[in-house]
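All remarks here apply to the structure that follows.
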Amino acid sequence: MKDKESKKAFENLPACVEEYIKLVIKKMRWQKKVREDVQAEFIAHFEDALHECKTNEEKEKAAKELIENFGDAELIAVLARRAKKRCRPLWQKLFIRAFQFVGIVIVLFIVYFIWFVSGKPTITTNYIEVANNLGRPTADESQNAAPLYELAAKTFDQQEYKCDSDYLSKSFYEVNQIDINHIKKWINQNDATLNLIAQGTEKPLCWQKIKTPDSNDNAMLSVILPHLSGYRRAAYGICWRAYLSAQDEQFQKALADTLTIYKFGQHQKGTRTLIENLVGISMQNKSTDTIRTILEKNDIPNEFLIPFKDKFTKIINAEDFSIVESFEFEKLFIYDEIQRSFVKSRFGIEHIYPKRLSVLMFGEGGNCNDNSRQPKKLDSLFRYVNLMFSFQNSQKTRKSVDEYFDFWKDITIATPHTFKACDLNSEAYKVIDKNILLRLLSPAMEKIISLSWRNRISSESTLTIVAVHVFKKQKGYLPESLQELITSGFLTSVPIDPFSDKPIVYKKRNNDNFALYSVGLDFDDDGGKMEISKDGKPDMWNTKDGDAVFWPVEVFRQELVPKNFSKS
Amino acid sequence: MKFERELLKGIAPVVVLETLSRGKMYGYELSEAIEAKSQNVLTLGQGTLYPLLYNLEAQKLVTSEWETSGSSRKRKYYSITSKGKERLETDKVQLADLFKALKLVFGNSIVTA
Chain A
5 MKDKESKKAF ENLPACVEEY IKLVIKKMRW QKKVREDVQA EFIAHFEDAL HECKTNEEKE
65 KAAKELIENF GDAELIAVLA RRAKKRCRPL WQKLFIRAFQ FVGIVIVLFI VYFIWFVSGK
125 PTITTNYIEV ANNLGRPTAD ESQNAAPLYE LAAKTFDQQE YKCDSDYLSK SFYEVNQIDI
185 NHIKKWINQN DATLNLIAQG TEKPLCWQKI KTPDSNDNAM LSVILPHLSG YRRAAYGICW
245 RAYLSAQDEQ FQKALADTLT IYKFGQHQKG TRTLIENLVG ISMQNKSTDT IRTILEKNDI
305 PNEFLIPFKD KFTKIINAED FSIVESFEFE KLFIYDEIQR SFVKSRFGIE HIYPKRLSVL
365 MFGEGGNCND NSRQPKKLDS LFRYVNLMFS FQNSQKTRKS VDEYFDFWKD ITIATPHTFK
425 ACDLNSEAYK VIDKNILLRL LSPAMEKIIS LSWRNRISSE STLTIVAVHV FKKQKGYLPE
485 SLQELITSGF LTSVPIDPFS DKPIVYKKRN NDNFALYSVG LDFDDDGGKM EISKDGKPDM
545 WNTKDGDAVF WPVEVFRQEL VPKNFSKS
Chain B
1094 MKFERELLKG IAPVVVLETL SRGKMYGYEL SEAIEAKSQN VLTLGQGTLY PLLYNLEAQK
1154 LVTSEWETSG SSRKRKYYSI TSKGKERLET DKVQLADLFK ALKLVFGNSI VTA
């Protein structure tokens, strides 16, 4: 059909003209409609030019001259195409340009995506080994407490009587006689094991190798610390043993147990993981809490208190409350993750390894058991695209990690009161900037540092409370001020409250009662009154209001709880 | 007489616009008219005439329309637009200035009409 129409269009023209016009039209390579239009115009032109020729020979000759006059077919086609392109309306031009632009962007995106998902990171350093070397002091294995602790933790795991966790973690003020009976049963069963812990605390050092459950996997993030749950149980158990011993007036044993927990906590701190350091702090807090409770509930003679005070003073004086040492260890976790999260391409250009980042963001295989962390599809897509265009590299990330930890190292030197007007997390985030890896892995440093300061003031305050008790027993009255304790030789120095940068507050209420407190996380002296938490319990470290009252322990707390408060 | 292509290139649009200013014409008619008017001096390559017309159309200086003539043949007629007329006037002034300048440069060795 098309051929017929074409033949009809060229029926009055010689074959050479048909061939020439068709060549021009073919070379135009433009829209069909436009080409048909140009063809019709050219046909009309040649027909007009040749209509006076009478014979075919004449026509043929004239046609050849005309074609020569028209010029090179390809040149005409190019010129015609260019001119016709200019004839397009503006909206069409814009649309085509936009379409071309989007096309180019899509092609570039696909190329970039293929590059982005290709390649695998090269693991060059075994950071588990580095970490274990870092945490290993130059000392003989016989000085290491860890084997005894591990043995104790394993023994707990092998026992049939597992009801300990519910009872042991209860506060001294929350238990009834049934609970006490369970706890006593547990302590009796585990007495020898708890003594292993006590033996361990006699050792000067503690170091433990970190390892992964799978020997083929040497990723720092796969490191598990299964012994910590056993340690926690041991700490609670020894605290309860101390409390119950004191009830039975076995004060020496009771006080010795409290120091065992304190030293046990001390052994978990230092150049170790941040988690272990936090567990250590928690143990020490539990220890000081137990000491204060025992002091309040029992009338302990000075023959027990004085040697205890001396031992406790020595321990506290030797204690490094700062958690800076754990920073170097913690950095290794992120260094290891850096080497697992970047791929170096042929030309030395790096890109993020999205598979690893997905695991970090959403859990193994991109699936996370925690529903709150499970991203929506659109959100994951956005995060993925964000990763693609974050343009980060390992060196820059490592530098940010060092800067981040250096920033917090500087913070640990000064007290929380120094920075009370600063938004430290925002400042730290400036260091992190857009570093996705660091954002994912950076611990809540402000809180961790605050915990170390709380531990310090809690320990020093507890020692001060012991000194006040020794003073009262010896003199028969309470000191007027903490300075009196120093001048009498009962205390070497007055603790400085890191939340006020002033001496800890001591208030003598009458001949028998006194209060000792830190102004707490709100940095304000509320007269020694603690804030009540939502569940009706006294909240020692409330960020909004109240003080951290170390003494009195129970009576004062009960006064705080509203009478109409229901525990349900 | 054949002109150098480059020499003719600049004035070809003005010539086309001037010719169309006398009435609408189709391609062949236009090329014939230019040749006749210029006494066969200005012979635009017929092939380049059409790209030139398409360019003028893109600039909206001319418009085109298919019409059927008395011989029942369809032809595409080009006519000058008001914008084309304005451009023609401007170009004419410029050409006049150019000729004056050329005369000054070449003196009597160049003869103008």
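Read top to bottom, the protein sequences are chains A and B. For the first sequence, our numbering gives the first residue as 5, with consecutive numbering after it. For the second sequence, our numbering gives the first residue as 1094, with consecutive numbering after it. Cβ atoms here follow ideal geometry from the backbone N, Cα and C, with glycine treated the same way. All values reported here derive from a predicted model rather than from experimental measurement.
Of all the options Val509(A), Ile71(A) and Lys65(A), which has the alpha carbon lying nearest to the alpha carbon of Glu23(A)?
-> For the purposes of this step, residue 23(A) is identified with residue 19 of the first sequence, where counting begins at 1. Checking every option, the nearest Cα to that of Glu23(A) belongs to Ile71(A).
Got a sec: which bits of the region 29-58 of chain A sit with their beta carbon under 9 Å from any beta carbon on chain B, in order along the chain?
-> Listed by position along the chain: Asp41, Val42, Ala44, Glu45, Phe46, Ala48, His49, Phe50, Glu51, Asp52, Ala53 and His55.
So, is the C-beta of Leu1150(B) closer than 8 Å to a C-beta in chain A?
-> Numbered from its first residue, the second sequence carries residue 1150(B) at position 57. Checking the displayed sequence, the identity of residue 1150(B) turns out to be Glu instead of Leu. A Cβ of chain A is located within less than 8 Å of the beta carbon of Glu1150(B).
Neighbourhood of Gln1187(B) by C-beta distance below 8 Å, restricted to the same chain and skipping five residues each side | Position 94 of the second sequence, counted from the start, is the residue given in the question as residue 1187(B). Excluding positions up to five away in sequence, the list is empty.
Host alpha helix (DSSP H) of Val115(A) (start-end) | In the first sequence, residue 115(A) corresponds to position 111, counting from 1. In the DSSP assignment, Val115(A) falls within the unbroken alpha helix (DSSP H) covering Leu94 to Val121.
Between Ala1206(B) and chain A, is there a C-beta pair that is closer than 8 Å?
-> Locating residue 1206(B) in the second sequence gives position 113, counting from the first residue. Bear in mind that a pLDDT of 46 at Ala1206(B), under 50, signals an unreliable position, so the model cannot answer this.
What is the DSSP secondary structure of Ala418(A), reduced to helix, strand or coil?
-> Your numbering for residue 418(A) matches position 414 in the first sequence. Coil at Ala418(A), not helix or strand.
Other residues of its chain near Ala250(A): CB distance less than 6 Å, five sequence neighbours each side excluded = The residue given as residue 250(A) occupies position 246 in the first sequence. Ala258, Ile298 and Asn302.
Hey, does Leu1101(B) have any beta-carbon neighbour from chain A nearer than 8 Å?
-> Here residue 1101(B) refers to the residue found at position 8 when the second sequence is read from its first residue. By this cut-off, Leu1101(B) is not an interface position.
Could you tell me if Trp1159(B) is buried or exposed, where buried requires 16 or more neighbouring beta carbons within 10 angstroms of its beta carbon?
-> Numbered from its first residue, the second sequence carries residue 1159(B) at position 66. Exposed, because fewer than 16 other Cβ atoms sit within 10 Å of the Cβ of Trp1159(B).
Against chain A: residues of the region 1138-1169 of chain B by CB proximity under 7 Å = Listed in chain order, the positions of the region 1138-1169 of chain B with a beta carbon within less than 7 Å of a beta carbon of chain A are Gly1138, Gln1139, Gly1140, Thr1141, Tyr1143, Pro1144, Tyr1147, Asn1148, Glu1150, Ala1151, Arg1166, Lys1167, Arg1168 and Lys1169.
Would you say Tyr1119(B) faces chain A, with C-beta separation under 8 Å as the test?
-> For the purposes of this step, residue 1119(B) is identified with residue 26 of the second sequence, where counting begins at 1. For Tyr1119(B), a Cβ of chain A is located within less than 8 Å of the residue's own Cβ.
Give the secondary structure of Pro358(A) by DSSP, where H, G and I count as helix, E and B as strand, and everything else as coil.
-> Along the first sequence, read from residue 1 onward, the residue named residue 358(A) stands at position 354. Pro358(A) falls in the helix class under three-state DSSP.
Would you decide whether Asn371(A) is buried or exposed? Buried here means 16 or more other CB atoms lie within 10 Å of its CB.
-> What you label residue 371(A) is simply residue 367 of the first sequence in a count that begins at 1. A caution first: Asn371(A) carries a pLDDT of 44, below 50, which makes its placement in the model too unreliable to give a value.
When the cut-off is 8 Å and only beta carbons count, does Arg90(A) lie next to chain B?
-> Reading the first sequence from its first residue, position 86 is the one you call residue 90(A). For Arg90(A), the answer is yes, since a Cβ of chain B falls inside 8 Å of its Cβ.
Answer yes or no: does any C-beta atom of chain C fall closer than 8 Å to that of Ala87(A)?
-> Chain labels in this structure do not include chain C; the protein chains are A and B.
How many Å lie between Ala66(A) and His49(A) at the Cα?
-> For the purposes of this step, residue 66(A) is identified with residue 62 of the first sequence, where counting begins at 1. For the purposes of this step, residue 49(A) is identified with residue 45 of the first sequence, where counting begins at 1. If you draw a straight line from the Cα of Ala66(A) to the Cα of His49(A), it comes to about 13 Å.
Where Gly1140(B) and Asn73(A) are concerned, what is the direct C-alpha to C-alpha distance, given to the nearest angstrom?
-> For the purposes of this step, residue 1140(B) is taken as residue 47 along the second sequence, with counting starting at 1. For the purposes of this step, residue 73(A) is taken as residue 69 along the first sequence, with counting starting at 1. Roughly 7 Å between the two C-alpha positions.
Please list, in chain order, all residues of the same chain as Ile574(A) whose beta carbon is under 8 Å from its beta carbon, the five residues on each side excluded.
-> Absent from the model: residue 574(A). The displayed extent of chain A is 5 to 572, so no value can be given.
When the distance is taken between beta carbons, is Val1107(B) closer than 8 Å to Leu1181(B)?
-> As a first step, residue 1181(B) must be located in the second sequence, where it is residue number 88. As a first step, residue 1107(B) must be located in the second sequence, where it is residue number 14. The answer is yes: Cβ separation under 8 Å.
Closer than 8 Å to chain B by CB, Phe99(A) = Numbered from 1 along the first sequence, position 95 holds the residue referred to as residue 99(A). No, because no Cβ of chain B sits closer than 8 Å to the Cβ of Phe99(A).
DSSP puts Lys506(A) in a beta bridge; with which residues?
-> For the purposes of this step, residue 506(A) is taken as the residue at position 502 of the first sequence. In the DSSP assignment, the residues bridged to Lys506(A) are Asp501(A).
With a threshold of 16 other CB atoms inside 10 Å of the CB of Pro1144(B), please say whether the residue is buried or exposed.
-> Here the question's residue 1144(B) lines up with position 51 in the second sequence. Around the beta carbon of Pro1144(B), a 10 Å sphere encloses 16 or more other beta carbons of the protein chains shown; the residue is thus reported as buried.
What is the DSSP secondary structure of Thr1161(B), counted as helix, strand or coil?
-> The residue labelled residue 1161(B) in the question sits at position 68 within the second sequence. Correct three-state label for Thr1161(B): strand.
Return the residue from the list Val509(A), Glu300(A) and Asn514(A) that minimises the CA-CA distance to Asp530(A).
-> Locating residue 530(A) in the first sequence gives position 526, where the first residue counts as 1. With distances taken between Cα atoms, Asp530(A) lies closest to Val509(A).
At a CB-CB cut-off below 7 Å, which residues of chain B make contact with Ala84(A)?
-> Within the first sequence, residue 84(A) is the residue found at index 80, counting from 1. Those are Tyr1143, Pro1144 and Tyr1147, listed as they occur along chain B.
Any idea if Pro483(A) is buried or exposed, counting beta-carbon neighbours within 10 angstroms, 16 or more meaning buried?
-> For the purposes of this step, residue 483(A) is taken as residue 479 along the first sequence, with counting starting at 1. By the C-beta density criterion, Pro483(A) is buried, having at least 16 other C-beta atoms within 10 angstroms.
DSSP three-state assignment for Leu79(A), whether helix, strand or coil = Walking along the first sequence from the start, residue 79(A) turns up at place 75. In the three-state DSSP reduction, Leu79(A) falls in the helix class (H, G or I).
In the DSSP assignment, find the unbroken alpha helix (DSSP H) run with Ile201(A) in it and report its ends.
-> Taking the first sequence and counting its residues from 1, the one referred to as residue 201(A) is at position 197. Segment Gln181 to Thr205, the alpha helix (DSSP H) holding Ile201(A).
Show which residues of chain B have a CB atom less than 8 Å away from the CB atom of Phe74(A).
-> What you label residue 74(A) is simply residue 70 of the first sequence in a count that begins at 1. Residues of chain B passing the Cβ test: Gly1138, Gln1139 and Gly1140.
Of the listed residues Ile25(A), Lys37(A), Arg245(A) and Pro125(A), nearest to Asp340(A) (C-alpha basis) | As a first step, residue 340(A) is located in the first sequence; it is residue number 336 there, counting from the start. When only C-alpha atoms are compared, the closest one is Pro125(A).
Of all the CB atoms in chain B, is at least one closer than 8 Å to the CB of Ile342(A)?
-> In the first sequence, the residue the question calls residue 342(A) occupies position 338. Ile342(A) does not count as touching chain B.
Between the beta-carbon of Lys413(A) and the beta-carbon of Val523(A), is there less than 8 Å?
-> On the first sequence, residue 413(A) is found 409 positions in, with the first residue counted as 1. On the first sequence, residue 523(A) is found 519 positions in, with the first residue counted as 1. Contact flag unset, no.
Minimum Cβ-Cβ distance from Ile80(A) to chain B less than 8 Å | Here residue 80(A) refers to the residue found at position 76 when the first sequence is read from its first residue. Yes, its Cβ sits closer than 8 Å to a Cβ of chain B.
Would you decide whether Phe312(A) is buried or exposed? Buried here means 16 or more other CB atoms lie within 10 Å of its CB.
-> As a first step, residue 312(A) must be located in the first sequence, where it is residue number 308. With at least 16 other beta carbons inside 10 angstroms of its own, Phe312(A) counts as buried.
Phe386(A) classed as buried or exposed, judged by whether at least 16 other C-beta atoms fall within 10 angstroms = In the first sequence, counting from the first residue as 1, residue 386(A) sits at position 382. So Phe386(A) ends up on the exposed side.
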